[in-house]
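>
Numbering (the numbering used here), first residue to last: 267 to 417.
1) The alpha helix (DSSP H) spanning residue 281 covers which residue range?
2) Short check: CB of residue 319 to CB of residue 362, under 8 Å?
3) Excluding sequence positions up to five away, which residues of its chain have a Cβ less than 6 Å from the Cβ of residue 368?
4) Determine the direct distance from the alpha carbon of residue 389 to that of residue 407, and round the result to whole angstroms.
5) Since I believe residue 307 is in contact with residue 337 (beta carbons under 8 Å), could you give me their beta-carbon distance rounded to a whole number of angstroms?
6) To which residues of the same chain is residue 335 closer than 7 Å at the C-beta, ignoring the five residues directly before and after it?
7) In terms of DSSP beta bridges, what is residue 368 paired with?
8) Measure the CB-CB distance between residue 347 and residue 392 and report whether it falls below 8 Å.
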């Protein structure tokens, strides 16, 4: 799936965030910089998490900040952010160190991206990704793990 290609442009490692809101904003702003979302898309993600709870925390160590396509998505895309220190979402006790934010332009793409992300997460590489310090290290991890070559 082309939209989930992880490059130096849409990855950030060991970012510093004081809380989940700042972490989500860092990941969301990467979507904005790529032209995949309007600035209000980021605000809408934060507001949706505040309203509906930590629906974006889908497994130990990882959150997938996103909201509905009509909330400001311009193109389908993603951003991978690892955090120097974990953050905790209100209502969830899981420490989150990896954020994969995404935007989708319609419900079909939204579901496709969720499915792809879940498959990626099920590969069990989140802990390893959380340890990566830079893009070169990420590339080495991808090369050493054939399951990650799809991204």
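The beta carbon of each residue, even a glycine, is placed where N, CA and C say it ideally should be.
In short:
1) Premise fails: residue 281 lies in the beta strand (DSSP E), 277-281, not in any alpha helix (DSSP H).
2) no
3) 332, 344, 379
4) 13 Å
5) 6 Å
6) 370, 371, 372, 373, 376
7) 344
8) no
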